[in-house]
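Colleague: End of the sequence shown sits at 315 in UniProt numbering; the numbers just go up one at a time, nothing left out.
All residues carry an ideal CB built from backbone N, CA and C; glycine is no exception.
Computed from a predicted model, the values in this text were never measured in an experiment.
Dumping the structure here so I can ask a few things about it.
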Amino acid sequence: MYQMDENQLLSREFKRLDLPRQCELGCGTVKSLCWLGAGLAVLLACRLHLMGMNVPSFASSDNPTARCPSFFTRLFTFAYLPAFNGLLLIFPTWLSYDWGMEAIPRITSVFDSRNLFTVLFYGFIYIFFSKCWRDVRRGEASKKKKQCRGCGQGKVYHTRACKMTHNNNYPLNSACGCPVAPRQIRPSETALLALSILVLPFLPASNLLFYVGFVVAERVLYLPSVGYCLLLGLGYARFARAKHVLPHIGLALLLLTYSARTYVRNFAWKDEEALYRSGIDVNPPKCLQSKIVVFALAFSWKTREVLTMERPVQT
């Protein structure tokens with residue numbers, strides 16, 4: 001009975017001694033968040049100062065949906081654009097140097113088939129995020145259940161040798177002789193990190209915070225592609241544990257396909273003429289691009305091709 005009371009008093013004392021350490025960790029997290037917030041505010045203020053404290057202005061042809069008077073048309077179209085960018089990131093078939101004007105027709109009806117694709121896109125992201133978040137929370141709950149009763153740390157496990165050394169008493173944190181295993185990063189945590197890299201850098205270009213001067217821009221997919229590559233690597237690592245040949249074949253085909261697409265796309269950037277020609281078959285507003293091609297061909301003294309391409313432009 002006396003031994004039980006002594007153990008209870010010691011455990012209470014250890015918990016009391018652990019409070020400053022937990023408070024220090026909490027204060028450190030808050031301090032880091034404050035520094036990050038202050039740095040973000042300074043960068044935003046510098047950006048606004050360089051812009052003359054004004055919102056960026058652009059022509060209506062750069063982003064026609066932003067000037068549309070219908071709220072539902074803007075809502076459906078701007079909700080569809082991130083889904084289209086996600087498709088462009090995974091399946092980069094339609095590439096163009098200019099996605100302005102009516103490159104993507106506006107969604108004016110709720111019965112447009114593209115709204116279904118939008119719902120599926122956001123539904124998949126929500127389900128994926130919810131599953132990863134539940135796995136992370138479940139891991140945190142199980143780690144708390146496995147905490148050392150003496151040290152109060154989830155990464156420390158008292159072995160039989162440590163208990164014999166301390167005569168079955170609860171040792172102090174500094175006196176604990178149990179081995180400390182390194183914390184393993186869960187796949188769900190890596191998936192959440194990849195999803196945040198995939199989504200957060202795209203938010204400024206999503207027309208959610210403010211209107212931007214383009215419909216679709218392939219350059220805004222550079223940073224989200226890092227998160228996409230992390231998700232691919234995570235998925236490959238998970239399926240490769242099964243020791244099947246199918247994941248290896250799929251990864252090899254994916255790398256080969258993306259490499260071939262990059263090699264073919266490089267020819268479109270050989271010169272201005274090739275670049276303008278590549279946009280005709282991809283971008284819907286062909287009339288504008290045909291005029292640009294006319295100017296490029298006229299500059300290169302290809303008069304016959306200028307005359308043949310100028311006729312459909314004038315009609």
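1) Look at the Cβ atom of PHE117, then the Cβ atom of ALA83, and state whether they are nearer than 8 Å.
2) Straight-line CA distance for GLY250 to ALA194?
3) For PHE58, I'd like the list of residues in its chain whose CB is within less than 7 Å of its CB, leaving aside the five on either flank, ordered along the chain.
4) From PRO312 to TRP269, what does the alpha carbon distance come to, in whole angstroms?
5) Under three-state DSSP, which class holds GLU273?
6) Less than 8 Å between the beta carbons of SER188 and VAL226, yes or no?
7) Return helix, strand or coil for PRO69, following the three-state DSSP convention.
8) Quick check on the DSSP output: the alpha helix (DSSP H) that includes SER109 runs from which residue to which?
9) Given a threshold of 16 other Cβ atoms within 10 Å of its Cβ, counted over all protein chains shown, does PHE252 qualify as buried or as exposed?
10) Rounded to whole angstroms, what is the Cα-Cα separation between TYR263 and ASP281?
11) Taking DSSP as the reference, what is the three-state secondary structure of THR118?
12) Apply the 10 Å Cβ neighbour rule to CYS229 and answer buried if 16 or more other Cβ atoms are within range, or exposed otherwise.
13) Taking the alpha-carbon positions, what's the GLY37 to ILE197 distance?
14) Could you check whether the stretch 87 to 102 touches the stretch 213 to 222, counting it as contact only if at least three pairs of C-beta atoms, one from each stretch, sit closer than 8 Å?
15) Three or more C-beta pairs closer than 8 Å, one from the stretch 63 to 80 and one from the stretch 228 to 248: is that the case here?
16) Whose CA, out of LEU120, ASP98 and LEU203, lies closest to the CA of GLY279?
17) With a threshold of 7 Å on Cβ separation, who are the neighbours of ARG16 within its own chain once the five nearest residues in sequence on each side are excluded?
18) Apply the 10 Å Cβ neighbour rule to ASN127 and answer buried if 16 or more other Cβ atoms are within range, or exposed otherwise.
19) Out of ASP62, SER109, LEU87 and ALA260, point me to the one whose CA is closest to PHE71's CA.
20) Less than 8 Å between the CB atoms is what I'm expecting for ILE125 and PHE76, so what's the real figure, rounded?
21) Cutting at 8 Å between CB atoms, please list the residues of its own chain near VAL199, excluding the five before and the five after it.
22) Taking 8 Å as the threshold (C-beta atoms), are SER61 and GLY100 in contact?
23) What number of angstroms, rounded off, separates the C-alpha of TYR236 from the C-alpha of ALA79?
24) On the criterion of 16 or more Cβ atoms from any shown chain inside 10 Å, does PHE210 qualify as buried, or is it exposed?
25) Got a sec? Which residues, its chain only, sit under 6 Å from SER206 by beta carbon, not counting five neighbours each side?
26) Have a look at TRP133 and ARG114 and give me their C-alpha separation to the nearest angstrom.
27) Per DSSP, what kind of secondary structure is LEU95 in: helix, strand or coil?
28) Excluding sequence positions up to five away, which residues of its chain have a Cβ less than 8 Å from the Cβ of LEU254?
29) Taking only three categories from DSSP, how would you classify ASN85?
30) On the premise that PHE111 lies in contact with GLY86, defined as a C-beta separation below 8 Å, what is that separation, rounded to the nearest angstrom?
31) Looking at the secondary structure, which residues open and close the alpha helix (DSSP H) in which GLU102 lies?
32) What residue does the alpha helix (DSSP H) around VAL216 start on, and which one ends it?
33) Give me, in chain order, the residues of the same chain whose beta-carbon lies closer than 7 Å to that of ARG265; leave out the 5 immediate sequence neighbours on both sides.
34) Go to ALA240, then tell me how far its alpha helix (DSSP H) extends in each direction, as first and last residue.
Modeller: Straight from the coordinates:
1) Position 117 of the sequence shown, counting from 1, holds the residue named residue 117. Position 83 of the sequence shown, counting from 1, holds the residue named residue 83. Their beta carbons are under 8 Å apart, which means PHE117 touches ALA83 by this criterion.
2) As a position in the sequence shown, residue 250 is number 250, starting the count at 1. As a position in the sequence shown, residue 194 is number 194, starting the count at 1. So the two alpha carbons sit approximately 21 Å from each other.
3) Here residue 58 refers to the residue found at position 58 when the sequence shown is read from its first residue. Excluding sequence neighbours, PHE58 sits near GLY213.
4) Residue mapping note: residue 312 aligns to position 312 of the sequence shown, counting from 1. Residue mapping note: residue 269 aligns to position 269 of the sequence shown, counting from 1. Note that PRO312 has pLDDT 45, beneath the 50 cutoff, so the model's placement of it is unreliable and no number is given.
5) The sequence position of residue 273 within the sequence shown is 273, counting from 1. Residue state, collapsed to three classes: helix.
6) Translated into positions along the sequence shown, residue 188 becomes position 188. Translated into positions along the sequence shown, residue 226 becomes position 226. No, these two residues do not count as a Cβ contact at 8 Å.
7) Position 69 of the sequence shown, counting from 1, holds the residue named residue 69. It is coil, neither helix nor strand.
8) The residue you call residue 109 lines up with position 109 of the sequence shown. Neither: SER109 is in no alpha helix (DSSP H) and is coded neither H nor E.
9) Taking the sequence shown and counting its residues from 1, one reaches residue 252 at position 252. Position check: residue 252 holds Ala in this sequence, whereas Phe was assumed. Burial call: exposed.
10) For the purposes of this step, residue 263 is identified with residue 263 of the sequence shown, where counting begins at 1. For the purposes of this step, residue 281 is identified with residue 281 of the sequence shown, where counting begins at 1. Near 18 Å, if we compare the C-alpha coordinates of ASP281 and TYR263.
11) Locating residue 118 in the sequence shown gives position 118, counting from the first residue. THR118 falls in the helix class under three-state DSSP.
12) What you label residue 229 is simply residue 229 of the sequence shown in a count that begins at 1. The residue is exposed, with fewer than 16 neighbouring Cβ atoms inside 10 Å.
13) Here residue 37 is taken as the residue at index 37 of the sequence shown, counted from 1. Here residue 197 is taken as the residue at index 197 of the sequence shown, counted from 1. Each residue's Cα considered, the two are about 18 Å apart.
14) yes
15) no
16) As a first step, residue 279 is located in the sequence shown; it is residue number 279 there, counting from the start. Cα-wise, what sits closest to GLY279 is ASP98.
17) Taking the sequence shown and counting its residues from 1, one reaches residue 16 at position 16. Only weak support is given to the placement of ARG16: the predicted model assigns it a pLDDT of 47, under 50, and the value that follows is read from those uncertain coordinates. Within the same chain, ARG16 has no close Cβ partners at all.
18) By one-based count along the sequence shown, residue 127 stands at place 127. In the sequence as displayed, the identity of residue 127 is Ile instead of Asn. Answer is exposed; the Cβ neighbour count stays below 16.
19) Walking along the sequence shown from the start, residue 71 turns up at place 71. PHE71 has its Cα closest to that of SER109, out of ASP62, SER109, LEU87 and ALA260.
20) By 1-based counting over the sequence shown, the position of residue 125 is 125. By 1-based counting over the sequence shown, the position of residue 76 is 76. Actually they are not in contact, since the Cβ atoms of ILE125 and PHE76 sit about 18 Å apart, beyond 8 Å.
21) As a position in the sequence shown, residue 199 is number 199, starting the count at 1. Around VAL199: ILE125, PRO224 and GLY227.
22) Here residue 100 corresponds to residue number 100 of the sequence shown, with the count starting at 1. Here residue 61 corresponds to residue number 61 of the sequence shown, with the count starting at 1. Yes, the Cβ-Cβ distance between GLY100 and SER61 is below 8 Å.
23) Position 236 of the sequence shown, counting from 1, holds the residue named residue 236. Position 79 of the sequence shown, counting from 1, holds the residue named residue 79. Whole-angstrom Cα-Cα distance: 30 Å.
24) Taking the sequence shown and counting its residues from 1, one reaches residue 210 at position 210. Exposed, since its Cβ has fewer than 16 Cβ neighbours within 10 Å.
25) Locating residue 206 in the sequence shown gives position 206, where the first residue counts as 1. Same-chain partners within the cutoff: PRO82.
26) The residue given as residue 133 occupies position 133 in the sequence shown. The residue given as residue 114 occupies position 114 in the sequence shown. Approximately 29 Å, taken between the alpha carbons.
27) For this step, residue 95 is matched to residue 95 along the sequence shown. Reduced to three states, the DSSP call for LEU95 is coil.
28) For the purposes of this step, residue 254 is identified with residue 254 of the sequence shown, where counting begins at 1. Closer than 8 Å at the Cβ level, and outside the excluded window around LEU254, lie LEU232.
29) Stepping through the sequence shown from its first residue, residue 85 is reached at position 85. ASN85: helix per DSSP, three-state reduction.
30) Taking the sequence shown and counting its residues from 1, the one referred to as residue 86 is at position 86. Taking the sequence shown and counting its residues from 1, the one referred to as residue 111 is at position 111. At roughly 22 Å, the Cβ-Cβ gap does not stay under 8 Å, so GLY86 and PHE111 are not in contact.
31) Walking along the sequence shown from the start, residue 102 turns up at place 102. Note, GLU102: premise wrong, no alpha helix (DSSP H); not H, not E.
32) Counted from its first residue, the sequence shown places residue 216 at position 216. Boundaries for VAL216: no alpha helix (DSSP H) harbours it, and the DSSP string shows neither H nor E there.
33) Taking the sequence shown and counting its residues from 1, the one referred to as residue 265 is at position 265. LEU95, listed in sequence order.
34) Within the sequence shown, numbered from 1, the residue matching residue 240 stands at position 240. First-last of the alpha helix (DSSP H) with ALA240: 222 to 240.
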